[in-house]
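Only one structure is covered here, and it is reproduced in the block below.
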């Protein structure tokens, strides 16, 4: 009986600490992705989309439309790698420009930029790691 | 003794204040001393480099010449509409300067495209409306290859050239040049740096005072 109790306590402790370390790992990963993503954004995106993500007139769209970013969540990696042309509606305003691709960014770089933009400028979305990016990038048209 | 030190410090502070309020912008570019006689006395005068006459077409396909800038100060730069490196930063910053002086009849803006082939006035027009600009306080101009590249290098001291090694084929510096009513260069600011653009706005106020204050 006593042995069983000790066994049970031990199991509970092991289990909770496992979950906790898992969580910590995601939050550490999240921070790492976010910080690296910020650096990559400043280097590759900020000139057009702005340090506040507000874009510029109707030349460059803002990255502040959370519902747009959420809707396109699985397309963002492709937009970043291959660029985009044609008309897009963001915050209900039409933009018709040319976004150049970023062929030199690796899958993990793209995932980091996505974590940064989807968690800045008033956006708050889930973690997105390089595995997600890899899966999404296979489906680029 | 203490008092003396205090007075000295106070006057120093006072002086430094006076100096900043009377600060005058330098005149940039080449200069040449010339002798002239006034009332029988020989004087040495300095002639500064000025921007020569020019004639371009703006975003509304209307001719724009140096005369449109007479009796005004203006800020000028070189860019092209498809430039995807420094131009968006430059024009985000220029837009702030423009907004600050919007409607001031003494201030104009002049952006030259260096993409002679593609940035025809109609292309400039679409760029301008996307930037959110109306009217002609800010002119976006298209000119011949020689006139644009020539005036950039010789008159505004901005380096701009065609380069087949560049991914976009065009290379240029991001300077904002401040020109006074005598068409003299009074300042050069890196249009991609926020602090320098803030300095430009302060210097424009200063230049407006210098040029127009005794008129009123």
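Chains as they are written, first to last, in this note's numbering: chain A, 868 to 1008; chain B, 17 to 232.
For each residue, glycine too, the CB sits at the ideal point set by N, CA and C.
None of these values were measured; they are calculated from a predicted model.
Here residue 192/B is not near residue 172/B, since their CB atoms are 7 Å or more apart.
When DSSP states are grouped into helix, strand and coil, residue 209/B belongs to the coil group.
For residue 158/B, there is no enclosing alpha helix (DSSP H), since its DSSP letter is neither H nor E. When Cβ-Cβ separations below 7 Å define contact, residue 151/B makes no contact with chain A. Beta-bridge partners of residue 94/B (DSSP): 128/B. Taking a beta-carbon distance threshold of 7 Å, residue 924/A counts as an interface residue toward chain B. Beta-bridge partners assigned by DSSP to residue 992/A: none are found. Here the C-alpha atom of residue 995/A lies approximately 25 Å from the C-alpha atom of residue 882/A. Cα atoms of residue 950/A and residue 200/B: separation of roughly 43 Å, rounded to the nearest angstrom. Counting C-beta atoms within 10 angstroms of its own C-beta, residue 932/A has 16 or more neighbours from the protein chains shown and is therefore classed as buried. At least one CB of chain B lies nearer than 7 Å to the CB of residue 967/A. When secondary structure is reduced to three states using DSSP, residue 196/B falls in the coil class, being assigned neither helix nor strand.
DSSP places residue 115/B within a helical segment (H, G or I) once states are collapsed to three.
Judged by DSSP in its simplified three-state form, residue 70/B adopts coil rather than helix or strand. Residues are counted here when their Cβ sits less than 7 Å from a Cβ of chain B; for the region 888 to 919 of chain A these are 914, 915, 917, given in chain order. In this chain, the alpha helix (DSSP H) harbouring residue 948/A covers 943 to 949. The three-state reading of DSSP puts residue 883/A in helix, counting H, G and I together. By the CB criterion at 7 Å, residue 176/B and residue 94/B fall inside the cutoff. Pairing residue 905/A with residue 215/B, the inter-Cα distance amounts to about 28 Å. In the three-state scheme derived from DSSP, where H, G and I count as helix and E and B as strand, residue 930/A is classed as coil. Going by beta carbons, residue 74/B and residue 144/B fall outside the 7 Å limit. The continuous beta strand (DSSP E) containing residue 58/B extends over residues 57 to 64. Following the DSSP letters along the chain, one finds residue 186/B in no alpha helix (DSSP H) but inside the beta strand (DSSP E) bounded by residues 186 to 188. One alpha carbon belongs to residue 976/A, the other to residue 885/A, and they sit about 29 Å apart.
In the structure shown, residue 39/B falls within a coil segment according to DSSP collapsed to helix, strand and coil. Going by C-alpha positions, residue 217/B is about 29 Å away from residue 930/A. Rounded to whole angstroms, the Cβ separation of residue 1004/A and residue 948/A is 6 Å, and the two are in contact under 8 Å. Leaving aside the five residues that flank residue 69/B on each side, the residues in its chain whose CB is nearer than 6 Å to its CB run, in chain order, 82.
By DSSP's assignment, residue 54/B forms a beta bridge with 57/B. Residue 1005/A carries a helical assignment under DSSP once its states are collapsed to helix, strand and coil. Considering only 946/A, 936/A, 873/A, the residue with the shortest C-alpha distance to residue 970/A is 946/A. Taking 7 Å as the cut-off, the Cβ atoms of residue 63/B and residue 51/B do not count as close.
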